[in-house]
Every structure is written in C-alpha cells, then in structure tokens.
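Position one of the sequence shown corresponds to residue 1 (this note's numbering), numbered consecutively onward. Here's the structure, in structure tokens; my notes come after.
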Amino acid sequence: MEPTNDAKDEISNNETETTTAMLTDMLKNNIGAVAFSSIFSILTIISAFSGTAEISGGQAIIFVILSLMLCPILGFIGFLIGEKLRDALHPDFVITSGFMSLLKEKVFWAIGPQVIGGFLGILIASGIIQLLVGIE
Numbered sequence: 001m002e003p004t005n006d007a008k009d010e011i012s013n014n015e016t017e018t019t020t021a022m023l024t025d026m027l028k029n030n031i032g033a034v035a036f037s038s039i040f041s042i043l044t045i046i047s048a049f050s051g052t053a054e055i056s057g058g059q060a061i062i063f064v065i066l067s068l069m070l071c072p073i074l075g076f077i078g079f080l081i082g083e084k085l086r087d088a089l090h091p092d093f094v095i096t097s098g099f100m101s102l103l104k105e106k107v108f109w110a111i112g113p114q115v116i117g118g119f120l121g122i123l124i125a126s127g128i129i130q131l132l133v134g135i136e
C-alpha cells in the first residue's frame, strides 16, 4: 500500500526537522569554531587588500564573496579535525619542570590543535580562492 501525499509530506518534514536539530546542536557545541572561522575569514579579506597584489574591481568582489563562502566552511572543518586529533592524541598526564611549563601544556592541549586545524583550513581556502580568482 502506497503512503498518501500527506504522509509523505509529514515524513519529509520530520527528516528536515531532525537534520536542522542536528546542525543546530553541532553549531551550539562548536560555537568557538564558528567564531574562530568568522574572525579569520574577515582577516583573510583584510590581508588580501592590504598586500601588494593588484586586485581589480571584479576580482575584488569575487574574492570577497568566495572568502565569505569558503573560509568559514573550511576553517570550521579544520577546527573539527583538530578537535578530533586532540581527542585522539591528548596525553593522560604531562611531566613538567614548573608551573609555567604546566600552564603552557594545559593551554596548548585545550585549544592548540583546534586553532592549528582551523588556521590550516583557512589557508587552504585562501589558496583555492587565489587560484580561482587569478591573484598571484
């Protein structure tokens, strides 16, 4: 027996709500990654226009649009990869010679791999954008 159109619409709406809820939860749990990616996207745009490369008007518009699309996405993905690496490689304990070295280790293992992963994601996005736009 074939489901009716109303039943199909209800199933489709339930799947959409489930997907939306999953994405919302992921973004709420990784708000630092979203903020990091957004800030570095803006810095990427600023650095492109403050450098020595000559960018024409059309290239500039395309560069900004692609930067706003690709940098946050690849930065976020890099941040998540860094977080997974941190979870896999984080040591159970560290032996240090003093308080400052312990503090450095704690801070690094708290945010280091995620920041490095996000930064690499944004560098990759910037390279892709420069190739697509034709900026040297």
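Cβ coordinates follow ideal geometry from the N, Cα and C atoms, glycine included. All values derive from a computational prediction rather than experimental measurement.
Is residue i near residue j, with beta carbons less than 9 Å apart?
i          : j          : result
residue 32 : residue 79 : yes
Could you have a look at residue i and say whether DSSP puts it in helix, strand or coil?
i           : result
residue 161 : There is no way to answer for residue 161, as the model of the chain reaches only from 1 to 136.
residue 94  : coil
residue 29  : helix
residue 54  : coil
residue 46  : helix
residue 135 : coil
So, at 7 Å on beta carbons, what are the nonlocal neighbours of residue i in its own chain, with the 5 sequence-adjacent residues on each side left out?
i           : result
residue 132 : 66
Which residues in the same chain have their Cβ closer than 6 Å to the Cβ of residue i, if we skip the five residues on either side of it in sequence?
i           : result
residue 121 : 74, 75, 77, 78
residue 62  : 133
Under 8 Å by Cβ, that's how I've got residue i and residue j pegged, so tell me the actual separation to the nearest angstrom.
i           : j          : result
residue 125 : residue 85 : Incorrect: roughly 19 Å between the Cβ atoms, too far for contact.
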